[in-house]
Structure formats: C-alpha cells, structure tokens
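Numbering (my numbering), first residue to last: 2 to 327.
Accompanying notes for the structure given below.
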C-alpha cells in the first residue's frame, strides 16, 4: 500500500509529532482558492489588489482553510467522535499568504478531557490563530464563548447602523454536492477543494467513504464554513457598502454530526453581538444547521466578520451625518 495513502478505514495519512505535551502537525502551504471571490459586486480581501489597498501584503488565505490541519490532531485525541461532535473555536491573529508555511499545535490531554488548547504558527514564529478544540455533547467553554462574554459596547456605528442584536434571517435550504459550484462567494466545488486540501482523507470522498464508520462522504470542517456561508447574501443584515470584511473569530461546532456530502440541510442566521475597534465594525452571526423538518440543531457556526472602515468610501461622510463633527 502507498505509505502516503491511509487505509480506507483510517481517516488521515498525516504524520503527527508528539513532544513537550503537544501534538504537532507537519508544515503545510495552504492554497488560495478565493482570488475570484466577489460579494456586494466587488472583489474581496482575498484579491491581491484589494488587499494591498487596505494595507495587506496580498490576498489572504481564508481562515477556516486552517481548520483542516487540526483535524488529524483532534482525531488522534478523540477518534471518530471528532466527526460527530467536534468543535474548533478560534481567534485569528495573523494573515497567511500563498506560499507561506504554517503548522498546527494541539495540547495533548488525557482521554477523559473533552477540551484542549490549539494554536497555529508560521515559520517565523508568529501566531496565526489561537483557540480551543473540544468534543460534545456538552462542550466546555470555548474560546469564542469567552470572547463574547468580554465584548465591550461598540462605539459609533456607520456600516452597521440600524443592525440589532437578535435579528434573525429566514430558514434556507443548503446542500453541498461533490461537484457543485458554490457560487460567487466560493468559486469552486468540494472536489476542487479536495485536490488542494492540506489534509486529504478517504472519508471525504464518496468512492472510499463506505469503509468509514459513517458509510458516506463527510464534509470537511473547513467546508462547513462554505456550506453555511455561500447563501449568506440572501439574508443580509446590513445594506451599506461596498465594504470589505475579514474573518476575525470563528467557531464551527458539530452537535449531531457528521455533515454529509450531497445531503439536504436547512440553516438560519442570527445576529448575536456587535462590536468594534479603531479600524473595524464587527458583526457576530450565529448560523444554525438543521435537518429538513426538524428544529433540533445538528451543527452551528459563530462568525465575527470584521468590516474594515477604510474600505467603505462614504464612511467619514456618513459618520458626520449620523454623529456630527467636522
């Protein structure tokens, strides 16, 4: 058997280094697949020219791309339960660009614990993200649970003026087929992603997944973000723009998983917090995933989209209109 290919009943070929109380994955170069992404009829932070105008080195790798590098480490801790009730909760700290290498770390724990600290680093030692990984059904306090509890009241809001915590969108049907193009926000298919994913697995492909405990192809955790986000434009919570945003905090949580390829699901989205900084206005949205006809949540995503004030051309004029001043 090819040593680089796992047995069909094992999920990952990823080599794991155990040392100093950590599980450490290999150095990987995540691929940029969002250079053609558009929303609000303009290019995104993943476009080189747009990113450079806003002070970035170039188009950034989307944050949840990094979640795949944690999957083999979390499976090493918790086995198949990771695919059923796993959760990654992370604060993004440093942007990653095409060609840069990154490495995932998970603190090693005994078999009774259901939560661990995670982080990712670049070769220069800078930290890409930090957070928690856990398994359910009763998830311990996560990184984003803690961050939500500590949010300060935002200052003057311009882009998010009029948006209210508790606003909730209609329920929408979603599905991810293996060759389904996921739209302008995600201009690729699952199969195209699987050709570039940092941690390939037979459990992600229909032809091999029958040997897994679940019998069908699993949607990788990073692609759960795509599944629930690709229809986000159908229930917008703010109308001003165009404005460029980036993912600042993100949590993907499975409750009754895994989520399966080509399976119908329904989602709804709710504003659960609004925050801000000198450069951003931040919208925290909780997306819940259901099976059709059921109100039981089987997965969720909490996402803090930080909207860059400098990217909104009318920001200063709107601020003066709303709040006065020179």
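All residues carry an ideal CB built from backbone N, CA and C; glycine is no exception.
Note that the structure is predicted; figures quoted are calculated from it, not measured.
Starting from the C-beta of residue 73, find all residues in its chain whose C-beta is less than 6 Å away, skip the five residues before and the five after it, and write them out in chain order.
13, 15, 200
With a threshold of 16 other CB atoms inside 10 Å of the CB of residue 47, please say whether the residue is buried or exposed.
Unreliable positioning characterises residue 47 in this predicted model, as indicated by a pLDDT of 46, which lies under 50. A coordinate reading is not provided.
Output the distance between the C-alpha atoms of residue 76 and residue 133, rounded to the nearest integer angstrom.
Whole-angstrom Cα-Cα distance: 14 Å.
With a threshold of 16 other CB atoms inside 10 Å of the CB of residue 278, please say whether the residue is buried or exposed.
exposed
Are the segment 102-121 and the segment 18-37 in contact at 8 Å, needing three or more beta carbon pairs?
yes
Using beta-carbon positions only, say whether residue 165 and residue 129 come within less than 8 Å of one another.
no
Would you identify the three-state DSSP class for residue 248, choosing helix, strand or coil?
strand
Please classify residue 194: does DSSP put it in a helix, a strand, or coil?
helix
Output needed for residue 274: all residues of its chain with C-beta closer than 7 Å, excluding positions within five of it in sequence on either side, in chain order.
149, 152, 166, 285
Determine the extent of the alpha helix (DSSP H) in which residue 106 is found, giving its start and end residues.
Premise fails: residue 106 lies in the beta strand (DSSP E), 103-108, not in any alpha helix (DSSP H).
Between 237, 114, 210, 142, which lies nearest to residue 169 when the distance is taken from Cα to Cα?
237
How far does the alpha helix (DSSP H) with residue 120 in it extend, from its first residue to its last?
Premise fails: residue 120 lies in the beta strand (DSSP E), 116-123, not in any alpha helix (DSSP H).
Buried or exposed: residue 69, going by 16 or more other Cβ atoms within 10 Å of its Cβ?
Taking all protein chains shown into account, residue 69 has 16 or more neighbouring C-beta atoms within 10 Å of its C-beta and is therefore buried.
Helix, strand or coil for residue 206 per DSSP?
coil
Grouping DSSP H, G and I as helix and E and B as strand, with all else coil, what is residue 1?
Residue 1 cannot be examined here, being either before or after the span of the chain that is shown, 2 to 327.
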